[in-house]
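Numbering (the numbering used here), first residue to last: 1 to 76.
Read through the structure below, which is laid out as structure tokens, and then see the notes.
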Amino acid sequence: MCLSEAACVVEVDGDSAVVDLRGAHRRVPLVMLTFAGEVITPGDWLLLHTGLAVARISATEAAEVNAIRHQGDVHA
């Protein structure tokens, strides 16, 4: 099963963005959002699924997604 994650946009370059995903920077395609007319800017939160940005979400929604996503994580 694939689970979505929330990540914060650090920089935007055309149809892709660099996001902060739990401290790691990753480049993700924005094509699904830009095709739909969304304008993505640094500081926006994105819902990522299988490496693609599929939705812009609020910071509150991002916190909820990440809390659910990481409920089972065990930290030493």
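C-beta atoms are modelled at their ideal positions from N, C-alpha and C, and glycine is treated no differently.
| Check | Outcome |
| --- | --- |
| Does the beta carbon of Asp15 come closer than 8 Å to any beta carbon on chain B? | Absent from the structure is chain B; it holds one protein chain and no more. |
| Assuming contact is defined by CB atoms lying nearer than 8 Å, are Leu52 and Met32 in contact in what I supplied? | yes |
| Do you know offhand how far Thr99's Cα is from Cys8's? | For residue 99 there is no data in the structure shown, the boundaries of the chain being 1 and 76. |
| Which same chain residues end up closer than 6 Å to Asn66 when comparing Cβ atoms and leaving out the 5 residues on each side of it in sequence? | Ala6 |
| For Glu11, which residues of its own chain have a beta-carbon under 8 Å away from its beta-carbon, when the five flanking residues on both sides are left out? | Ala17, Val18, Pro42 |
| What does DSSP give as the partner residues of Val84 in its beta bridges? | Nothing about residue 84 can be reported from this structure: the residues present for the chain run from 1 to 76 only. |
| What is the DSSP secondary structure of Ala17, counted as helix, strand or coil? | strand |
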